[in-house]
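Q:
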Amino acid sequence: MQEIFVLAHVPTPAVNDGFLPAARALGRSVVLLTDCADAHRAHFAGIGLPAYPEDIVPCDVFNPLAVIDAITRRGAKPAAVFSNSDHLQSATAIASAYFGLPGKDWRTAYAAKNKAEMRRRLQESGIDTLWHAVVGDSAGLAALADVPMPCIVKPREGVASQQVSLARSHAELAEHCGAIWARHPGQVLLLEEYLEGPLYTLETLGDGKELRALGGFRVTLSPPPYFVELEAVWGTGLPASVEAGVLDTIRRFGIGFGACHTEYVLTANGPRLIEINYRSIGDYREFLLSDTLQFPLFEQVLRLHLGEALPALEVPRRAAWIRYFTAQAEGTLRHAPAHSQHEGDGVRLTYQPLRKVGDAIRLTNSNKDYLGVLRGSGPDSAGLAAAVELASSKLAWEIAQ
C-alpha cells in the first residue's frame, strides 16, 4: 500500500491527534519524517493513543533533498507528502513536486512563511503596499529613515506571536529590537507599519483549481505592546464582500491548495493582511473547527493531498468559541485543572490543560504562556457563551513564586 509521508518537527496535537487518525480512517499508513525522532518515539511509546505511525524516520526535514532521499529509500512511490508545520511547507512542496504528487507551489509556500517576502510579493503585485523593512543589527536599524510610528517588530520567520511587539517611539523600537538581539544575536527582524482595527481570520481549503472559504474567527488579543490571542469566536459578522475581498487577495498571492489560515485586520480603509499561514489553523482551533463544521476536516485536508477534488461542503450554522488561559506570574505550577469534557443542550465543551503541575512557568508574552484552553461548539451563540462563562468560572490555577 502506498504510504503518506508526514513531515514534522516537534510533536504536535494536530498531527498526533488529528492527521494521523485521519490517515488511519482513510486506510493509509503514515511514515513520519522528523528531525526530532527521539521526541516522537517517546510520545508514541504511550499506549491507547488515537493512532500510531507505521515508522518514524530520522531526517533533516528542513532540507528538501534529504526528504526526497528518505522517501526514495522506502522503495515505492508515496501516496502523498504532507506537513502541517509552518517551517516545513516549502520542503514538503518541493518533495511533492519531485514525486509528481499534488501539493503547494513551493515559491508561494516560502513567501507565506517568510514575512518579508510576503510583504514584498504583495507590494510588487500591487495588492498591498504596507510599509515594512528588514533589519538584522543595531547599525541597520539606525540607518533606517522615516519609520512610521507606531510600528510592529516581529521575527521575519516567526510563529504564534512570539517576540512580536508594538513600538510607539523610536526609543521603544531600539529597545525592543535590542532585547531580541541580546537573546538571539543576528535575528532577522521585520518592521511593519501598525494596522489599527479588530483582528479576523479566514479559513480556506483548495484543490489547486478551486479555493473555497469555510468562514472565519473574530479574535480577541491581549493589550499592546504584545499580541497574545486570548479567545476567538467563529463567525466574523462582517459583510460577505469583506470575506470575498480577502479570499481574492490570497488567491492573487498564490494560495490555492490544501488548508490555509489567513489573519487580517479590518481597518478604516478595509481589510489588510497580517499573515498568511499556508497550513491548518492551530492552537486547538483546528479541533474546534472540525467539531463545528461537522465534517471530517483532517480527512478532507489529506484527501486533497491524495489528489481528490474539493467536494461541495455544507458549512452548518453553528456557534464556536475558544478561550485561552494565560499565566499571570512566573513560578512553579502547584495546582491546575484536569482535562474535562461536557455535553448538554447541544453544547459540547472540552477543557485541555497545556501545562502540568510542577512545570516551571516563565512569561514570554506569547502563546507559550497558555496554561490551558477551553473550546466549545453549540447550536447558538447565546447558549454557548453562557456555557463558556460558566465553565471558565470553575477553572483555577496556583503558581508558587
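Position 152 (the sequence shown) corresponds to 152 in the UniProt record's numbering; numbering is contiguous. Think of the CB as a built atom: it goes at the ideal place given N, C-alpha and C, for glycine as much as any other residue. Fair warning: this is a prediction, and the values are worked out from it, not measured in the lab.
1) If we ignore side chains and look at the alpha-carbon of each, how far apart do W321 and R375 end up?
2) Could you pull out every residue in the same chain whose Cβ sits closer than 7 Å to the Cβ of H339, ignoring the five residues on either side in sequence?
3) If contacts are defined as beta-carbon pairs under 8 Å, then L32 and I56 qualify, I think. What distance do you get, rounded to the angstrom?
4) Run through the stretch 166-247 for me and flag every whole beta strand (DSSP E) of 3 or more residues, listed as ranges in chain order.
5) I want to see whether chain D comes within less than 9 Å of D146, judged by CB atoms only; does it?
6) Can you find the residues in the same chain that come closer than 6 Å, C-beta to C-beta, to Q294, ignoring five residues on each side of it along the sequence?
7) Is the stretch 11-25 touching the stretch 298-305, taking contact as three or more C-beta pairs under 8 Å?
8) Put Y110 into one of helix, strand or coil per three-state DSSP.
9) Select from W397, V265, L390 the residue whose C-alpha is nearest the C-alpha of D128.
10) Looking only at DSSP bridge pairs, what is residue 429 linked to?
11) Compute the Euclidean distance between the alpha carbons of S381 and C177, then round it to the nearest angstrom.
12) Kindly indicate which residue of E343, A143, Q328 has the alpha-carbon position closest to the one of Y370.
13) Have a look at the DSSP bridge pairing and note the partners of I322.
14) Nearest by alpha-carbon distance to P150: which of D137, A174, G346 is it?
15) For I56, report the span of its beta strand (DSSP E) as first-last.
16) I need the straight-line Cα distance from C59 to G197, nearest angstrom please.
17) Going by Cα to Cα distance, which pick from P271, A37, L333 is closest to I250?
18) Going straight from the alpha carbon of V323 to that of L230, what length do you get?
19) Less than 9 Å between the beta carbons of Q163 and V153, yes or no?
20) Taking Cβ positions, are A319 and G245 nearer each other than 9 Å?
21) For N277, which option in D146, Y52, K115 has the closest C-alpha, if you only look at C-alpha atoms?
22) Comparing alpha-carbon positions, which option in E286, A14, W397, S290 lies nearest K356?
23) What first and last residue would you give for the beta strand (DSSP E) that runs through L65?
24) With DSSP as the reference, identify every bridge partner of A8, one or two as the case may be.
25) Could you pull out every residue in the same chain whose Cβ sits closer than 7 Å to the Cβ of C36, ignoring the five residues on either side in sequence?
26) Rank E157, L130, T236, E330 by C-alpha distance to the C-alpha of L88 and give the top, closest one.
27) Going by DSSP, what residue range makes up the beta strand (DSSP E) through L302?
28) For G186 versus L202, is the C-beta distance shorter than 9 Å?
29) Please check the pair V6 and S83, which I expect to be a contact at CB under 8 Å, by giving their CB distance rounded to whole angstroms.
30) Where does P353 sit, in a helix, a strand or coil, going by DSSP?
31) How many angstroms separate the CA atom of S241 from the CA atom of R121?
32) With a threshold of 7 Å on Cβ separation, who are the neighbours of G307 within its own chain once the five nearest residues in sequence on each side are excluded?
33) Mapping the DSSP letters down to three states, classify N365 as helix, strand or coil.
34) Put G28 into one of helix, strand or coil per three-state DSSP.
35) Enumerate in chain order the residues of its own chain whose CB-to-CB distance from T267 is below 7 Å, with the five nearest sequence positions on each side excluded.
36) Give the DSSP bridge partners of R348, in chain order.
A: Here's the rundown:
1) One C-alpha to the other measures close to 6 Å.
2) Leaving aside the five residues that flank H339 on each side, the residues in its chain whose CB is nearer than 7 Å to its CB run, in chain order, Y351, Q352, P353.
3) Contact holds; Cβ gap of about 5 Å.
4) 189-193, 199-207, 211-215, 217-221, 229-234
5) The chain labelled as chain D is not found in the depicted structure, where only one protein chain is given.
6) P316
7) yes
8) helix
9) V265
10) With the chain running from 1 to 401 in the structure shown, residue 429 is simply not present.
11) 41 Å
12) Q328
13) A232, R375
14) A174
15) 55-58
16) 42 Å
17) P271
18) The sequence given here places Arg at residue 323; Val does not occur at that position. In a straight line, the C-alpha of R323 is about 6 Å away from that of L230.
19) yes
20) no
21) K115
22) When C-alpha distances from K356 are compared across E286, A14, W397, S290, the shortest belongs to W397.
23) Per DSSP, L65 belongs to no beta strand (DSSP E); it is in the alpha helix (DSSP H), 64-72.
24) T34
25) H9, V10
26) E157
27) No beta strand (DSSP E) holds L302; the alpha helix (DSSP H) holding it covers 297-305.
28) no
29) 7 Å
30) Three-state DSSP puts P353 in a strand.
31) 23 Å
32) P102
33) coil
34) The sequence as given places Arg at residue 28; Gly does not occur at that position. Look at R28 here: in three-state DSSP terms it is coil, with no helix or strand label.
35) Cβ contact annotation for T267 (same chain, cutoff 7 Å, sequence separation greater than five): L195, E196, G197, in chain order.
36) R348 is bridged to E343, S377.
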